[in-house]
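A.B. asks: Quick one: structure below, then a few questions.
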Amino acid sequence: MKGDKIVFNYPPPNRNGHPPKGHLIKVTGEGEIAALPDTASINLGVITENKELVASQQQNSKEISKVIQSLLLLGIPKNHLQTFDYRIESVYDYVQGKQIFRGYKITNLLKVKIEDLSMIGKIVDTAVHNGANYVSNVQFTLKDKESFYQQALILAINNATEKAKTIAKTINVTLIPTPILVQEADTAIKPFYSHHETFVKGVTSTQIEPGELLIKANIAAEFQYF
48 MKGDKIVFNY PPPNRNGHPP KGHLIKVTGE GEIAALPDTA SINLGVITEN KELVASQQQN
108 SKEISKVIQS LLLLGIPKNH LQTFDYRIES VYDYVQGKQI FRGYKITNLL KVKIEDLSMI
168 GKIVDTAVHN GANYVSNVQF TLKDKESFYQ QALILAINNA TEKAKTIAKT INVTLIPTPI
228 LVQEADTAIK PFYSHHETFV KGVTSTQIEP GELLIKANIA AEFQYF
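Using our numbering, the final residue of the sequence shown is 273, and nothing's skipped along the way.
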């Protein structure tokens, strides 16, 4: 009848005071924390081409050494510079369907770790002015990301608990507020990435903003009810 109150009837607890088997509410919880990054990394280096392999290697070595020295003079510790890509490739032109050898391309790229974020633009400009012709993948992160993740995890558990309470109240049952299972799901720290770009000589006053990082935690939880 319209207006009648709907009542859900469930079996009482068993002799041990525990809920009947199978009386579970399964929920997920999400938590998110925004934080300012304190560390960055950037990929930069030198790509050269030459008809002769030895000449191309020598040219590339000279240019990358100049880039490295300029970064060291800025105060970048040597252990914050890491070669992550070195390649020698044959380059061809195609003329009227025929493959014609053009020369060799040498790719020599560094990953630069940066702890003073105010220096990023200056580091890019300095590297470019000293021979770098490839810059990409500016990535921001956190040194102590675990503590931020723990905060996000607390929010995720609280979120799951509130969902379970809402469900229990809606179906008129008594929730046991302590979950019998909490399982971490996919977690993520979403950093800011720049788009892939190649800078050329003449670029000055490069502006790169760190923005915020979003640290997320996700859980699945199971609650019992009477």
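C-beta atoms are modelled at their ideal positions from N, C-alpha and C, and glycine is treated no differently.
Small disclaimer: the values here were computed from a predicted structure and weren't measured.
Between the Cα of A211 and those of D191, L228, F131, N184, spot the shortest distance and give me the residue it belongs to.
C.D. replies: Answer by Cα proximity: L228.
A.B. asks: In whole angstroms, what separates the C-alpha of K248 from that of A174?
C.D. replies: Confidence is the limiting factor: at K248 the pLDDT is only 45, short of 50, which leaves the residue's position unreliable and the question unanswerable from this model.
A.B. asks: For my contact list, K190 and D85 are in at a C-beta cut-off of 8 Å; report their separation, rounded to the angstrom.
C.D. replies: That pair is a contact at about 6 Å.
A.B. asks: Counting contacts by CB-CB distance shorter than 8 Å, is I153 in contact with chain D?
C.D. replies: Reference to chain D is not applicable here, since this structure consists of a single protein chain.
A.B. asks: When the Cα of G150 is compared with those of I72, K98, V93, which residue comes out closest?
C.D. replies: The shortest C-alpha separation from G150 is found at K98.
A.B. asks: Helix, strand or coil, according to DSSP, for K152 in the structure here?
C.D. replies: Strand, per DSSP.
A.B. asks: I'd like the span of the beta strand (DSSP E) that includes L260, first residue to last.
C.D. replies: That run of the beta strand (DSSP E) goes 260–271.
A.B. asks: Taking DSSP as the reference, what is the three-state secondary structure of N126?
C.D. replies: Three-state DSSP puts N126 in a helix.
A.B. asks: Helix, strand or coil, according to DSSP, for A211 in the structure here?
C.D. replies: In this structure, A211 counts as helix in the three-state DSSP scheme.
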